[in-house]
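Residue numbers (my numbering): 7 to 292.
Shown next as structure tokens:
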């Protein structure tokens, strides 16, 4: 096959969720440049149990393939997934990520991998009784975006979902935080000052931004339901149009930029009986 031909992965049982995630990794040239630099495990058993090494072998198989797809048997076996059980995509993603970080011995490669995928946030908590503030730095592999706003109305596009994600939140009842000054749990405002416009900040935006749509919703503590309505994606995601200057204050040494091109979008439709291959849209990268 010509170099421009796309090579996919066979669905084995109900493995289409896993295949979609593997393709999102292996079609990323920044990720594969890290993968090619790993140290090959010495023993046969170690190689069979190494997720980074098995991903590298799968990548090479896809590049040598003469057909339209290859079978990811060894990697799925390495991940210890039952192919006839449906899996949650975010859980699989976290498992692959944790195994990659744990099994790559080169600390410089692990740091490069972390910088490639991890978003850094600074969260501000303000006590509603004494106005004592707490700043919390955190790292996120994914931003878990809502499909409903705070009034339980459907969100129709990705930009509005991000607006809701960064919107200030009142922490009450079981979500109250401990205030060191009051020495007890009190109500807090998360993400904003009451007397100013300061919001939760992004201190580092990675080159590969992972967004997870929260497909389960519970209204007023009632039964949790799976969300099935659609959500529109733009070809490009311009954070300068979504976040304020106060919300986006990147590390100058590691600044990537406001603009993200959605270079790969996976849409998966699955039931307990059958799976369809994911649909893939490719946009021009910036």
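The beta-carbon is built from N, C-alpha and C at its ideal position, and this holds for glycine as well. Keep in mind the model is a prediction, meaning the values are calculated, not measured.
Among the residues of its own chain, which have a CB less than 6 Å from the CB of residue i, if the five just before and after it don't count?
i           : result
residue 216 : 148
residue 16  : 75, 77
residue 63  : none
In terms of alpha-carbon separation, which member of the options lies closest to residue i?
i           : options            : result
residue 2   : 81, 55, 39         : The chain is shown from 7 up to 292; residue 2 falls before or after that span and cannot be answered.
residue 50  : 25, 84, 113        : 84
residue 22  : 91, 38, 178, 134   : 91
residue 222 : 69, 24, 158        : 158
residue 207 : 64, 35, 252        : 252
residue 65  : 24, 13, 46         : 13
residue 212 : 254, 179, 181, 180 : 254
residue 24  : 88, 34, 63, 35     : 88
residue 128 : 178, 210, 36, 235  : 210
residue 68  : 28, 111, 145       : 28
residue 235 : 182, 79, 153, 178  : 153
Report the rounded CA-to-CA distance for residue i versus residue j, giving the unit in angstroms.
i           : j           : result
residue 72  : residue 233 : 39 Å
residue 125 : residue 244 : 16 Å
residue 32  : residue 61  : 8 Å
residue 94  : residue 171 : 21 Å
residue 230 : residue 156 : 16 Å
residue 98  : residue 54  : 19 Å
residue 173 : residue 143 : 17 Å
residue 30  : residue 191 : 42 Å
residue 176 : residue 130 : 12 Å
residue 96  : residue 26  : 12 Å
residue 261 : residue 113 : Only weak support exists for where residue 261 lies, its pLDDT of 49 falling under 50; the value from the coordinates is given anyway. Using only the alpha carbons, I get a separation of about 22 Å.
residue 105 : residue 38  : 16 Å
residue 133 : residue 248 : 27 Å
residue 101 : residue 119 : 15 Å
residue 121 : residue 47  : 24 Å
residue 35  : residue 86  : 26 Å
residue 214 : residue 123 : 5 Å
residue 145 : residue 180 : 24 Å
residue 111 : residue 52  : 13 Å
residue 246 : residue 79  : 43 Å
residue 70  : residue 178 : 56 Å
Near residue i, what residues of its chain come up, given a Cβ to Cβ distance below 7 Å and the 5 sequence neighbours on each side ignored?
i           : result
residue 115 : 40, 43, 44
residue 109 : 56, 57, 58
residue 103 : 147
residue 117 : none
residue 151 : 167, 168, 171, 217, 218, 219, 220
Keeping to the same chain, check which residues put their C-beta closer than 8 Å to that of residue i; ignore five residues upstream and five downstream.
i           : result
residue 107 : 116, 119, 120
Given the structure, does residue i come close to the ligand SAM, in the sense that its CB is under 7 Å from one of the ligand's heavy atoms?
i          : result
residue 97 : Questions concerning the ligand SAM fall outside what the structure shown contains, since it holds no ligand whatsoever.
Flag this pair as touching only if the segment 178–187 and the segment 138–145 have three or more C-beta atom pairs under 8 Å; answer yes or no.
-> Contact holds: three or more Cβ-Cβ distances are below 8 Å.
Hey, is the segment 238–254 in contact with the segment 160–168, meaning 3+ C-beta pairs nearer than 8 Å?
-> By the Cβ test, the segment 238–254 is in contact with the segment 160–168, since at least three Cβ pairs between them sit closer than 8 Å.
Length-filtered (4 minimum) alpha helix (DSSP H) runs lying within the segment 101–132 = 113–123
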